[in-house]
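Structure first, then comments.
2 protein chains.
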Amino acid sequence: MTYCLGISTQAGLVIAADSRTNAGVDNVSTYRKLFDFSHPGDRVLLLCTSGNLSMTQAVINSLSKDLKVGADVNLHNLPSLHEVARYVGDKVRQIHDRDAEWLKKAGIDYNCSLLLGGQIRGEDPELFLVYSEGNSIQATVETPFLQIGETKYGKPILDRTITYETPLEAAAKCAILSLDSTMKSNISVGPPINVVLYQRDSFEIRHQLTLEPRDPYLTKVGKIWAEALRKAFDDVPDVDWTRSPNPEQY
Amino acid sequence: MTYCLGISTQAGLVIAADSRTNAGVDNVSTYRKLFDFSHPGDRVLLLCTSGNLSMTQAVINSLSKDLKVGADVNLHNLPSLHEVARYVGDKVRQIHDRDAEWLKKAGIDYNCSLLLGGQIRGEDPELFLVYSEGNSIQATVETPFLQIGETKYGKPILDRTITYETPLEAAAKCAILSLDSTMKSNISVGPPINVVLYQRDSFEIRHQLTLEPRDPYLTKVGKIWAEALRKAFDDVPDVDWTRSPNPEQY
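These protein sequences, in sequence, are chains A and B.
1031 is the number of the first residue of the first sequence in this note's numbering; add one for each residue after it.
1031 is the number of the first residue of the second sequence in this note's numbering; add one for each residue after it.
If you want it as structure tokens, here you go:
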């Protein structure tokens, strides 16, 4: 399984991903799922992948190849992130056309989805989710985060914490806690964790981190968060079983 | 959708359920999903249902009918909760045999699952999850809670808080927070919430509560929890992007 998330605030972007891949519980591996296709000074482009590994690797390879050979259309010459999202979606469709029938015959899940975050000079920072069908949606002021993969365990903390106004440092912390919650409840999501913080209009990545399995920051955060949660839990009053039905009592 | 959970600790049981049922987003209704089949003094039996409403109602009706007509085998004469779980599973299979083919033809999800918690005199309190196929699993000292329906949003708080040694009052509070988290992330799970706390060896229900949509306790708990979480979040240190790779630093 996989868990990747992107947060798009007024101050920039945070993108984070785990690195655990499994084909059954007896075949667990580590694959990086966060890819940096930036061209510093002109554009920052980050991609996260989820789903069938052969399909996502084929998409990433195809995007890299277009860059390498200087194809007419590539990640570094498209003028907007919206067009980049369409171009990535087209790649997904091409791989589908080639492989999906065969995978379907074998009963193998051939879906994949991607997060695309970044900023191109002259544009605002943006965050897209490219679906398995090649179409995409975009994060907005009202819904500033997008997730792919095992999304549910890590969503409550995002729902409670993230708004478009959240400072980037808080968003990065929240992304790590969201991953921490997911790793606690689903062992098929695991470290190393890749986190990138991108400051609006900087057009280069200045903050990135790989948190290894026993990384001291990850351990420390997990511990402090668990303690703080326990304290928060204690602060909530016990159920009042004998309370009167009169709401004014409270 | 539905979310029900049961917690089985050394001190007794907590069972909680929401009441929202939907057939598409344009057809949302309120149905109680927690049923009390206790025979005070002899046994406490609580059932929660999740899944296809026509199937779970048919199961509950069939169980009630057996009680009413004094069937040879019924909820009040089986000697152990394990046998009650098998009996409930048999009912699920009967309804499946009758209806599943027709629902399948129409492309309707015909699965259902149930939580069964309680205590029969001479036995320990126990908690079972009866699957759609009629088989069941049981909560244990190592895994003292079971969930059905929309389980993921509410699991992190249980994972972090509940052990077999957790006091019952804390377990009840945790059940409500688990439901609160789920309702926040999935609008198809909603109040009224039914909560029951059962004290081991009391053989009767002394603590139960129905929390209506704007119940002041629910509102208060939701608010205090949100504030406490925000404080907990603030307690976690920001990411140290410049930290040395030397673990001893921490």
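Cβ atoms here follow ideal geometry from the backbone N, Cα and C, with glycine treated the same way.
A straight line joining the alpha-carbon of Phe1067(B) with that of Leu1077(B) spans about 8 Å.
Under the three-state reduction of DSSP, Phe1263(A) is assigned to helix. Chain order gives no chain A residues near Asp1127(B), where near means a beta carbon separation below 8 Å; the closest approach is about 27 Å. Taking the Cα of Leu1176(B) as reference, the smallest distance to any Cα among Ala1258(B), Leu1159(B), Gly1100(B), Lys1063(B) is reached at Leu1159(B). Put simply, the CB of Pro1186(A) is near chain B, with a gap under 8 Å to one of its CB atoms. The segment 1262-1273 of chain A and the segment 1220-1233 of chain A do not touch, with fewer than 3 CB-CB distances between them shorter than 8 Å. Under the rule that a run must span 3 or more residues, the beta strand (DSSP E) segments found entirely inside the segment 1101-1168 of chain A read 1142-1150, 1156-1160, 1166-1168. Along the segment 1075-1101 of chain B, the alpha helix (DSSP H) occurs as fully enclosed runs of 4 or more residues at 1083-1098, listed in sequence order. For Arg1190(B), no beta strand (DSSP E) encloses it; the enclosing alpha helix (DSSP H) starts and ends at 1185-1191. From the beta-carbon of Val1219(B), no residue of chain A is found nearer than 7 Å; the closest lies around 12 Å away.
Judged by DSSP secondary structure, Ser1215(A) falls within the alpha helix (DSSP H) whose first and last residues are 1198-1215. Per the coordinates, the alpha-carbon of Leu1157(B) lies some 11 Å from the alpha-carbon of Val1171(B).
Contact check for Lys1203(A) and Ser1215(B): beta-carbon distance about 20 Å, past the 8 Å limit, so the pair fails to qualify. The beta-carbon distance between Met1031(B) and Val1219(B), rounded to whole angstroms, is 5 Å. This is short enough to meet the 8 Å contact definition. Only Glu1199, Ala1200, Ala1202, Lys1203, Cys1204, Ile1206, Leu1207, Ser1211, Lys1214, Ser1215 from the segment 1194-1216 of chain A bring a Cβ to less than 8 Å from some Cβ of chain B. A check of alpha carbon separations from Trp1255(A) across Ala1258(B), Ala1256(B), Phe1263(B) identifies Phe1263(B) as the nearest. Listed along chain A, the residues sitting closer than 8 Å to Val1225(B) by beta-carbon distance are Val1269.
In the DSSP assignment, the residues bridged to Val1058(B) are Asn1052(B).
The Cβ atoms of Leu1075(B) and Ala1047(B) lie no closer than 8 Å to each other. Within the segment 1164-1191 of chain A, those residues whose Cβ lies closer than 7 Å to any Cβ of chain B are, in chain order, Lys1182, Tyr1183, Lys1185, Pro1186, Asp1189, Arg1190, Thr1191. Listed in chain order, the positions of the segment 1244-1258 of chain B with a beta carbon within less than 7 Å of a beta carbon of chain A are Pro1246, Tyr1247, Lys1250, Val1251, Ile1254, Trp1255, Ala1256, Ala1258. At a cut-off of 8 Å, the C-beta of Phe1263(A) has a neighbouring C-beta in chain B. Taking 9 Å as the cut-off between beta carbons, none of the residues of the segment 1096-1130 of chain B comes near chain A. A contact is defined here as three or more CB-CB pairs under 8 Å, and the segment 1182-1198 of chain A fails this definition with respect to the segment 1045-1059 of chain A. With a threshold of 16 other beta carbon atoms within 10 Å, Val1044(B) meets it and is buried.
Interface criterion met: the Cβ of His1237(A) is under 8 Å from a Cβ in chain B. Not flagged as an interface residue toward chain B: Val1089(A), since no C-beta distance is shorter than 8 Å. Annotation: Tyr1194(A) is outside any beta strand (DSSP E) and is labelled neither H nor E by DSSP. With respect to Asn1141(A), Asn1082(A) sits close: the two C-beta atoms are nearer than 8 Å. Residues of chain A whose Cβ lies closer than 8 Å to the Cβ of Val1266(B) are, in chain order, Lys1203, Leu1207, Val1251, Ile1254, Trp1255, Ala1258. In this structure the segment 1107-1120 of chain A does not touch the segment 1198-1213 of chain A; the number of beta carbon pairs closer than 8 Å is below three. According to the DSSP assignment, Asp1066(B) belongs to the beta strand (DSSP E) that extends over 1064-1066. Around Asp1129(A), the same chain offers Ser1084, Met1085, Ala1088, Tyr1140 as residues with beta carbons nearer than 8 Å, after the five sequence neighbours per side are excluded. Excluding residues up to 5 positions away in sequence, Ser1143 lie with their Cβ nearer than 6 Å to the Cβ of Tyr1161(B) in the same chain. Check the Cα spacing between Val1055(B) and each of Arg1230(B), Ile1217(B), Gly1252(B), Val1266(B): the tightest is with Ile1217(B).
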